[in-house]
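Residue numbers (the working numbering), protein chains in the order written: chain A, -9 to 164; chain B, 40 to 655; chain C, 16 to 95.
Don't be surprised by glycine CBs; every beta carbon is placed ideally from N, CA and C.
These numbers were taken from a predicted model, which means no experiment stands behind them.
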Amino acid sequence: MSSQRGQLWILVDYSLCTGCRLCEIACSLKHEGAVWPAASRITVYEYYPGVAVPHYCVQCPDYPCVAACPTKALRVDQATGAVLVDPSLCTLCAKCVEACPGRVPRIVGGKPHVLICDLCGGDPACARECARAGYNALRVVRRPANTAVKHYARPPDLVAEEIGGSRAVWGWER
Amino acid sequence: MIRAYGIWGRLLVVDLASGRVSAESVHPVVYRMFVGGRGLAAYLLWRELGRRWREVDPLGPENMLLILTGPLTGYYPGIKLVVSGKSPQSNGVVGSAVSSHVAYAIKAAGYDGIVVRGASRDPVYLYVKDDAVEIRDAGRLWGLRGLELIGALRKEVGGDPPSLYIGPAGENLVRTAAVMARWFHAAGYGGYGAVMGSKRLKAVVVDGTGPLPPVADRDEFLKLRHEVIDKVASRTTFRMWGTTSGIWSVGHDTSSEPVRNWQEEWHDRDEFSHVVIQRRHWVKNPWADWGCPLACMKVSRAVVDGNAYVTDGPDYEMGAYLGSDLGLFEVDKVIALTSLADDLGLCGIQTGNVLGFAVELYDRGVLSREDVGYELAWGDFGSLKRLLEDVAYRRGIGSFLAEGTYRAALEIARRKGLPAEEVLRYAVQVKGVGVGAHGIRSRRDYPQPIAYAASVQGGDHTSVAGLPVDSEESEIWPAFLDSAVVCMFTSVEEATMLRFLNAVTGWSVTREELYRTVGPRILALQRVLLLLGGPDARWDPRVHDDNPPRFYEPLPTGPYAGSAVTREEVSRGLADYYKQLGWDELGVPTEETLKRLGLHDVVEIVRGIRRELGTG
Amino acid sequence: MMFCIKFFGNLAATAGPELCLEESRCLDVRLLVEEVLRSAGEALSIEEVLVTLPDGSPLPPGTTTCDAEEVRVLRLFRGG
């Protein structure tokens, strides 16, 4: 039971991410039963070669998305800490996207509600697939008490700038 | 209506002359017969252009540019896309495979592929966002190199959707130009960058947001998918080194790496090693393309003369063709040339091949300083870099080296008043296609003596012929991988590949069917179109089903010094190979074979080929 | 028990098309194949070859010469 395991969290190591997107495929297979990268709850962006940025909900301690939802379609799963979407209440108003410091929630054609990582109820398929491939860029850990986890919620292009731009090794503009 | 799985049965057709965009259905039976990708390309090209093949100018508006996926694309771990059309190198059909996110994006947009017909008057790019397809002005993009273009395209379309594009080389109709995929991937074999340029199509951007088509047996698919991921992920050494390891071992250990235009195939240069590159130049390793558990790619960076260069690997082929083949053993400079080739949109293999050819001719006094405009020397980075750019922009001597090694040889012979054979003896190409960096003389590498001579894709090292026909040694295997459209580096044993194909498609393709029917069908059609050729190049099997002359010269150095292939073993091998495929003694598919393969409508045109050869 | 290794392509040209052994002990097939390739002077590790059963199906991990009568050995990477 996930409640016995406590709340969990997905820790990223940018340097280990190969940009392979196996996480996206695994996520969409698990949630949508199809290879559907656009409907994956995790997305890898790669603006510079080799600077891969996995982008997903990091469960900010103050959950601004949940607070911003006008229809109460979002709630926190106390067992895992994940944000859960009630499809029957979501109106795709995108207020959660605007409230998210990382603009993480996804709206994609063919899905009648917003898509947010639900931590697979306690066993994230993305991290499992990443480990299966031997990359281990995504690690499932107990949810850190350190509130800096919210610093991971940042738009991917800005994260790429931080990583790529700060490492002199890349040396050229994209 | 037959239910199809793994494919949509729908192609996006874009006519750049009229600006018309439409969707065309392809019957599931066509996929069952030709699988997809390369096989589908052969089918479409035969159907549309086959009867007047000889008159179709590969760089004219009549040619088609095909961008195709296969039934395994997006499902099987790893990613590939096939680019095809009538090749301006071989004048036949080359299935040119490239790693690109565009492959899954096409399927996610609801198509199996994109067919581009006609030519635009002004530069354009194609923007596909699911059902919305636009032919957009590319006036501001024309002339841009790869990296600048990627930046400009991002501003144009917003976000970061996958794209294919050409650099200046493709725009300038250079026959060694590649269709590029971000940043360092190239569909090089075939010369389709020039075809794209002839259509004045700068880029194809595909933003597909839907699901891939459903698979037939979901449980079996999921099980096999993990089975394959586990197998591929356990290739630990290959993951660490990628193909870059070949720059040392293919030369030093197996004596099959081009050195100075194939005058040698062995080297003992400690500084020319992936280990040196790993320590000095890799800034990201492992690095993977979409859906790939292998990660053979690496981001490498070098600073040469104050300029920073970034590329992949360099992978083995780039290391060999923009390194040892040019007598260049300084890995930082090889990275620089590779990065430059990427940016200019040149196929590093074909362009390295023609550069090595030019340097040897210069060395032998066939080409003079006056012809070139500057001095050429083995390993001289400055002049090699200049020559690479001259080819991309067709400047000076680059204007005819840009025609590729075969055509350049004929032109040099004409200008110098020499018999063609005198120049062709230094041209390491087969049927207009420069031979990939895996030699046949030592017999310690994978290509057999007939590998290139019998290939329907000429010198393409990823599509070699071999015996026995009913095994992975024959060209049926790469034809299958390029038609299912999967990466050869993530491929596993044939039984598992076929189970995967059947789980996705709901077909029941057996090993017997693959080697007796499906594979031979694709090869027979490619062979017929290759033999038709034209208008500017034609192949006579008695002359051109052969190795480059150099491969009959004994290796001069290394542990296999003295090794060469003999004409007897090549002709014996060809005869055996043709017979096993149901082709006649000159390698023309027999009527009986064509009928058995369901290629009834090809019979008539093949009678013509046989009449011309005096065998029918 | 007789156990045979069939080599394909250029491996057959150097290691011979077929190698049959009469072995009383049960040897790990992959280790055996690697040893044979090394002694034939092939610069190939086991990661670079495909070892399959005669019908092209995968060789189960840990297969010994007592579990199979014949295997096929091919080069894995045909390109690169």
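Flag Pro587/B as yes when its Cβ comes closer than 7 Å to any non-hydrogen atom of the ligand COA, and as no otherwise.
-> The ligand COA is absent from the structure shown, which contains no ligands of any kind.
Inter-residue Cα distance where the pair is Arg40/C and Thr80/C = 8 Å
Output, in sequence order along the chain, the residues in the segment 188 to 217 of chain B whose CB is closer than 9 Å to any CB in chain A.
-> Ile189, Gly190, Arg193, Asp199
Partner residues on chain A for Lys323/B, Cβ-Cβ distance less than 7 Å | Gly40
Thinking just about the alpha-carbon of each residue, which of Gly112/A, Tyr125/A, Val41/A, Leu148/A is nearest to the one in Ala334/B?
-> Tyr125/A
Which value, in whole angstroms, describes the spacing of the CA atoms of His21/A and Cys116/A?
-> 11 Å
Whole-angstrom Cβ separation of Ala534/B and Asp70/C, contact assumed at under 8 Å?
-> 6 Å
Tyr150/B versus Arg299/B: straight-line alpha-carbon distance, rounded = 44 Å
Along the beta strand (DSSP E) that carries Ala42/A, what are the first and last residues, could you check?
-> 41 to 45
Which residue's Cα is closest to the Cα of Thr33/A: Pro39/A, Cys110/A, Ile15/A, Val87/A?
-> Ile15/A
For Glu256/B, collect the residues of the same chain with a Cβ closer than 6 Å to its Cβ; drop the 5 residues on either side in sequence, then sort them by chain order.
-> Per the sequence shown, residue 256/B should be read as Asp rather than Glu. Ala542.
How many angstroms separate the CA atom of Arg49/B from the CA atom of Ser64/B?
-> 4 Å
Determine, using beta carbons only, whether Pro162/B and Arg239/B come nearer to each other than 8 Å.
-> yes
Backbone CA spacing between Glu173/B and Trp181/B [nearest angstrom] = 17 Å
Using Cβ-Cβ distances below 7 Å, what residues of the segment 129 to 153 of chain A are close to chain B?
-> none
Compare the C-beta of Tyr4/A against all C-beta atoms of chain B and say whether one is closer than 8 Å.
-> no
Helix, strand or coil: how does DSSP classify Asp246/B here?
-> strand
Only counting runs of 3 or more residues, tell me where the beta strand (DSSP E) segments fall wholly within the segment 49 to 78 of chain B, in order along the chain.
-> 49 to 54, 59 to 64
Which residues in chain B sit within 7 Å of Val98/A, going by Cβ to Cβ distance?
-> Thr248
Which of helix, strand or coil does DSSP assign to Phe260/B?
-> helix
Between the C-alpha atoms of Ser288/B and Phe277/B, what's the straight-line distance to the nearest angstrom?
-> 13 Å
Cβ-Cβ distance between Asp521/B and Val121/B below 8 Å = yes
Relative to chain B, which residues along the segment 15 to 29 of chain A have a C-beta separation below 8 Å, given in chain order?
-> Ile15, Ser18, Leu19, Glu22, Gly23, Ala24, Val25, Trp26, Pro27, Ala28, Ala29
Relative to chain B, which residues along the segment 118 to 129 of chain A have a C-beta separation below 9 Å, given in chain order?
-> Glu119, Arg122, Ala123, Gly124, Tyr125
Which stretch, first to last residue, makes up the alpha helix (DSSP H) that contains Leu400/B?
-> 387 to 402
Any C-beta of chain B under 8 Å from that of Thr29/C = yes
Which chain B residues are close to Arg90/C, counting only those with a beta carbon under 9 Å from its beta carbon?
-> Asp484, Tyr485, Glu511, Glu512
Thinking C-beta only, is Gln49/A closer than 8 Å to Trp(-1)/A?
-> yes
Is the segment 178 to 192 of chain B close to the segment 201 to 217 of chain B, with three or more CB pairs under 8 Å?
-> yes
Counting only beta-carbon atoms, is Leu82/A nearer than 8 Å to chain B?
-> no
Residues bridged to Asn346/B by DSSP?
-> Val343/B
Interface residues of chain B facing Ser60/C [CB-CB closer than 8 Å] = Thr276
Same chain, Cβ closer than 7 Å to Glu163/A, neighbours up to 5 away in sequence not counted = For Glu163/A, the predicted structure reports a pLDDT of 46, less than 50, and the residue's modelled location is therefore unreliable. The matter cannot be settled from this model.
Counting only beta-carbon atoms, is Phe22/C nearer than 8 Å to chain B?
-> no
Please report how far the alpha carbon of Ser(-8)/A lies from the alpha carbon of Leu79/A, in whole angstroms.
-> The predicted model places Ser(-8)/A with a pLDDT of 43, which falls under 50 and marks its position as unreliable; any figure quoted below should be read in that light. Approximately 25 Å between the Cα atoms of the pair.
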